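Residue numbers (the working numbering), protein chains in the order written: chain A, 23 to 303; chain B, 23 to 303. Worksheet: one structure, shown below.
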């Protein structure tokens, strides 16, 4: 496994691979890798000739007061984990190369960003789309893989790729969970052991909604009320949002008479966690 | 010369060329070609192996009340002219392929768009940056050439290419003028013979400013006042703006003690014309 820091070097490397007819797969990450990331890398190995993992904690997608400065980082650990997953290149550009002096260009959307995390984190997806576009231009992959835990991000990136005619296929990987059901997240390491117990409420509320739906409760309002009640019964939880919405448009739906996305964001102490599930009636 | 309409076909064609190690040059246009466009195509032939000319009248860069519906079009004439300039591919995507149903992604800048045409045409450069990004992804050129008549556009695109890490070299071509000095523009065909005489005022005001500068007048305010007076002495002219500004930041400068951009937009009847010149003290 090779480590590349320079944008120009990354571009030359990819150009060389593509000229040899190789398929490049990009797995963009913010590092502090976990089994969720590794599952995407292994899928990348299956799909292409070369797997590039980018590690860049993107300041543009953190709002004021969010956890940019405390976001967990451990590059040495990340390198070992990526190597064990068969990754070919770790790409770790510097912040001053990604956002040089005078930087002034951004990408945004007006519709899909009006829902879920787009409302609680204004500017977040603008930052995501901008950095993902930059990474696409730096790495020039034919395939890029994103995790389904960030469901709205995945939806927005699919839309962006289609709208901007990127010649890139977007693939997704299922949420990977801890044995008890908690969705893997780099932020989980920040939970105290008490908070770790409360964090399970996200998963349990999704499971409960699916069960209640199968028992005949199709009203989103009622399903959300029950989820709210379950989550708040755990100490230290503050609900940011719980929505049941159309899996494509992300618009709220009132009756779950077809597959619907249940998505939620909950703060456990200072740690903001998200999770989601497609509810199937 | 070949004509390609399909985005997918264009991408496959370019991918094939690049795999063979060829350099692709893109000259983006809105058609109704003139000698200015042809000079960019000939420069393209010199710089690369394949020259692609895109012809697409981009609705996203026209505001309400602007001349989208009356913008001159003549594809047959364009094909002949491009062929005579040695162009390899004319790429004419359909509007519904460029902006399909549900389209929602755009590119914008906050600083360079605050000046010159950015103020009189809100959203114009957002439309330009979005379509140019799309064309870059459709054609995948290593080099793209833009005319210097659209000076602010060129500046904004250079910034965008740098900011978004496009692996594309941006080249520019000097303004090509009619024998009397009028800058070539597809819109010139819309001028009546009376208006055609008034249209020369743009060029003459730039020449006058350069002469006055060499005669010792370095105050922007005074140079602009003289230009205003000259232009308004021609019938049917309405000045949109005249600015003397820094050629990189496009911010106004008060004293021309170094090379400065003089840029102006003038309506002659219903036809909005632009022109510019680097004033050199």
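Cβ coordinates follow ideal geometry from the N, Cα and C atoms, glycine included. Being a predicted model, the structure only gives us computed values, none of them experimental.
Contact check, residue i vs residue j, beta carbons under 7 Å
i: residue 256 of chain B; j: residue 223 of chain B; result: yes
i: residue 71 of chain B; j: residue 51 of chain B; result: no
i: residue 68 of chain A; j: residue 107 of chain A; result: no
i: residue 147 of chain A; j: residue 178 of chain A; result: yes
i: residue 126 of chain A; j: residue 234 of chain B; result: no
i: residue 187 of chain A; j: residue 156 of chain B; result: yes
i: residue 301 of chain A; j: residue 232 of chain A; result: yes
i: residue 195 of chain B; j: residue 225 of chain B; result: no
i: residue 217 of chain B; j: residue 145 of chain B; result: no
i: residue 261 of chain B; j: residue 246 of chain B; result: no
i: residue 58 of chain B; j: residue 95 of chain B; result: no
i: residue 162 of chain B; j: residue 36 of chain B; result: yes
i: residue 100 of chain B; j: residue 55 of chain B; result: yes
i: residue 143 of chain B; j: residue 238 of chain B; result: no
i: residue 288 of chain B; j: residue 259 of chain B; result: yes
Residue from the options whose Cα sits closest to the Cα of residue i
i: residue 138 of chain B; options: B:290, B:237, B:286; result: B:286
i: residue 228 of chain A; options: A:241, A:253, A:156; result: A:253
i: residue 66 of chain B; options: B:97, B:279, B:300, B:104; result: B:104
i: residue 182 of chain B; options: B:195, B:161, B:154; result: B:154
i: residue 294 of chain A; options: A:116, A:208, A:114, A:39; result: A:208
i: residue 282 of chain A; options: A:272, A:34, A:289, A:290; result: A:272
i: residue 77 of chain B; options: B:85, B:189, B:86, B:93; result: B:93
i: residue 240 of chain B; options: B:134, B:267, B:41, B:219; result: B:267
i: residue 32 of chain A; options: B:120, B:122, B:171, B:189; result: B:189
i: residue 185 of chain A; options: B:158, B:164, B:175, B:201; result: B:158
i: residue 90 of chain B; options: B:119, B:59, B:149, B:35; result: B:149
i: residue 98 of chain A; options: A:219, A:215, A:25; result: A:25
i: residue 135 of chain A; options: A:278, A:151, A:122; result: A:151
i: residue 192 of chain A; options: A:170, A:180, A:88, A:199; result: A:180
i: residue 303 of chain B; options: B:42, B:297, B:277, B:88; result: B:277
i: residue 236 of chain B; options: B:23, B:288, B:280; result: B:280
i: residue 61 of chain B; options: B:299, B:258, B:199, B:212; result: B:199
i: residue 102 of chain B; options: B:201, B:299, B:270, B:23; result: B:23
i: residue 243 of chain A; options: A:213, A:274, A:121, A:269; result: A:274
i: residue 121 of chain A; options: A:88, A:83, A:34, A:284; result: A:83
i: residue 140 of chain A; options: A:175, A:299, A:34; result: A:175
i: residue 248 of chain A; options: A:284, A:269, A:270; result: A:284
i: residue 169 of chain B; options: B:213, B:298, B:211; result: B:298
i: residue 201 of chain A; options: A:219, A:214, A:212; result: A:219
i: residue 39 of chain B; options: B:117, B:88, B:164; result: B:164
Strand pairing of residue i, partner residues [DSSP]
i: residue 70 of chain B; result: Residue 70 of chain B is not bridged to any residue.
i: residue 111 of chain A; result: A:24, A:74
i: residue 279 of chain B; result: DSSP output for residue 279 of chain B lists no bridge partner at all.
i: residue 168 of chain A; result: A:194
i: residue 289 of chain A; result: A:260, A:294
i: residue 267 of chain A; result: A:274, A:283
i: residue 299 of chain B; result: B:284
i: residue 183 of chain A; result: Partner(s): none; residue 183 of chain A has no beta bridge.
i: residue 199 of chain B; result: B:205
i: residue 241 of chain B; result: B:277
i: residue 178 of chain B; result: According to DSSP, residue 178 of chain B bridges with nothing at all.
i: residue 46 of chain A; result: A:72
i: residue 128 of chain B; result: A:130
i: residue 51 of chain A; result: A:77
Neighbouring residues, chain B, relative to residue i (Cβ below 8 Å)
i: residue 43 of chain A; result: 41
i: residue 72 of chain A; result: None at all; the shortest Cβ gap to chain B is about 16 Å.
Proximal residues of chain A, C-beta to C-beta of residue i below 7 Å
i: residue 289 of chain B; result: Correct list: empty, because the minimum Cβ distance to chain A is about 29 Å.
i: residue 114 of chain B; result: Result: empty, since nearest Cβ-Cβ is about 15 Å, beyond 7 Å.
i: residue 33 of chain B; result: 189
i: residue 153 of chain B; result: The contacting residues do not exist; residue 153 of chain B stays about 10 Å from chain A at best.
i: residue 156 of chain B; result: 186, 187
Interface partners of residue i on chain A, CB under 8 Å
i: residue 126 of chain B; result: 131, 132, 133, 134, 181, 185
i: residue 159 of chain B; result: 186, 187, 188, 189
i: residue 123 of chain B; result: Those within 8 Å of residue 123 of chain B in chain A number zero; the least Cβ separation is about 11 Å.
Cβ distance (whole Å) where residue i is taken to contact residue j below 8 Å
i: residue 115 of chain A; j: residue 27 of chain A; result: 6 Å
i: residue 166 of chain A; j: residue 48 of chain A; result: 4 Å
i: residue 110 of chain A; j: residue 79 of chain A; result: 22 Å between Cβ atoms; not a contact.
i: residue 75 of chain B; j: residue 129 of chain B; result: Not really, about 22 Å apart at Cβ, beyond 8 Å.
i: residue 296 of chain B; j: residue 123 of chain B; result: With 8 Å as the limit, residue 296 of chain B and residue 123 of chain B do not qualify as a contact, their Cβ atoms being about 34 Å apart.
i: residue 41 of chain B; j: residue 43 of chain A; result: 7 Å
Under 7 Å by beta carbon: chain B residues contacting residue i
i: residue 29 of chain A; result: 187
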